[in-house]
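Numbering of the sequence shown is given in my numbering, commencing with residue 1415 and proceeding in unit increments.
Think of the CB as a built atom: it goes at the ideal place given N, C-alpha and C, for glycine as much as any other residue.
Quick caveat: nothing in here was measured; it's all calculated off a predicted structure.
Scroll down for the structure; my scribbles are underneath it.
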Amino acid sequence: MVLGGSLAAFAAYKAAPSMMIISGETGMTFDESVAKLEQSIKDNGWEHAGTSRLSDSIEKKGLVLGRKVAVVKLCHPEYALSVLKSDRHLSALMPCSVAIWEGDDRKVHYSKMNTGLIAPVFGGNVRRVMGGFVARDEHKILSIFCGAGDACTQG
């Protein structure tokens, strides 16, 4: 019994990192992916809080990544207010973000924190807002990548 519990705990520990991030292919070019994501954010009632092109920042310092990487930031003020009223320390997780990046195969991918999985760890209001409303809305926002990967099947 103890061995079985230990094995289950170890398996969960090993699987957790891959479950914490939702990722898939966009099926579009890098620039098209960034633009479509920024528009989808607005179309779904969220605010586009800026896009950081990390690869550009790296190259400005004379370093070479060789692939494009951007982080698109998004915020829903009502959801943010609700979480900040009860758990201001979680502002470290705000705003929400989605990375758009080129893989070594030159295909363009997206990745984001799995808010539906992480929210229950915090419980209470955070579980309700992040695990419910935010996870649902992020799924809708990412539906622009349906058909290119698993954006339509992960919640």
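So, with DSSP's three-state summary, where would you put residue i?
i: Val1478; result: coil
i: Met1434; result: helix
i: Met1527; result: strand
i: Asp1445; result: helix
i: Asp1501; result: coil
i: Gly1537; result: coil
i: Gly1546; result: helix
What does a CB cutoff of less than 8 Å around residue i pick up in its chain, not counting 5 residues either side in sequence?
i: Met1433; result: Asn1528 and Leu1531
i: Val1540; result: Val1497, Ser1500, Asp1501, Leu1504 and Ala1533
i: Lys1456; result: His1462
Which whole-angstrom value is the C-beta distance of residue i and residue j, which I expect to be below 8 Å?
i: Ala1463; j: Leu1488; result: 6 Å
i: Val1522; j: Met1442; result: 6 Å
What residues are listed by DSSP as bridge partners for residue i?
i: Lys1487; result: Gly1464 and Ser1511
i: Glu1439; result: His1523
i: Glu1516; result: Val1522
Which residues in the same chain as residue i place their Cβ atom closer than 6 Å to its Cβ, once the five residues preceding and following it in sequence are excluded?
i: Ser1511; result: Val1485 and Lys1487
i: Lys1450; result: Ile1558
i: Thr1440; result: Ser1447, Val1522, Tyr1524, Phe1559 and Ala1562
i: Ala1513; result: Val1485 and Ser1525
i: Glu1461; result: Cys1489
i: Thr1465; result: Ala1484 and Val1486
So, at 7 Å on beta carbons, what are the nonlocal neighbours of residue i in its own chain, with the 5 sequence-adjacent residues on each side left out?
i: Arg1481; result: Ser1469, Trp1515 and Glu1516
Nearest CA to the CA of residue i: which residue from the options?
i: Met1508; options: Val1522, Pro1491, Asp1518 and Gly1441; result: Pro1491
i: Ala1479; options: Phe1547, Asp1518 and Gly1459; result: For the sequence presented, residue 1479 should be read as Leu rather than Ala. Looking at the Cα atoms, Asp1518 is the closest of the given residues.
i: Asp1445; options: Gly1537, Tyr1493, Ala1506 and Arg1520; result: Arg1520
Would you say residue i faces chain D, with C-beta separation under 8 Å as the test?
i: Gly1459; result: Judged by its chain identifiers, the structure shown contains no chain D, having just a single protein chain.
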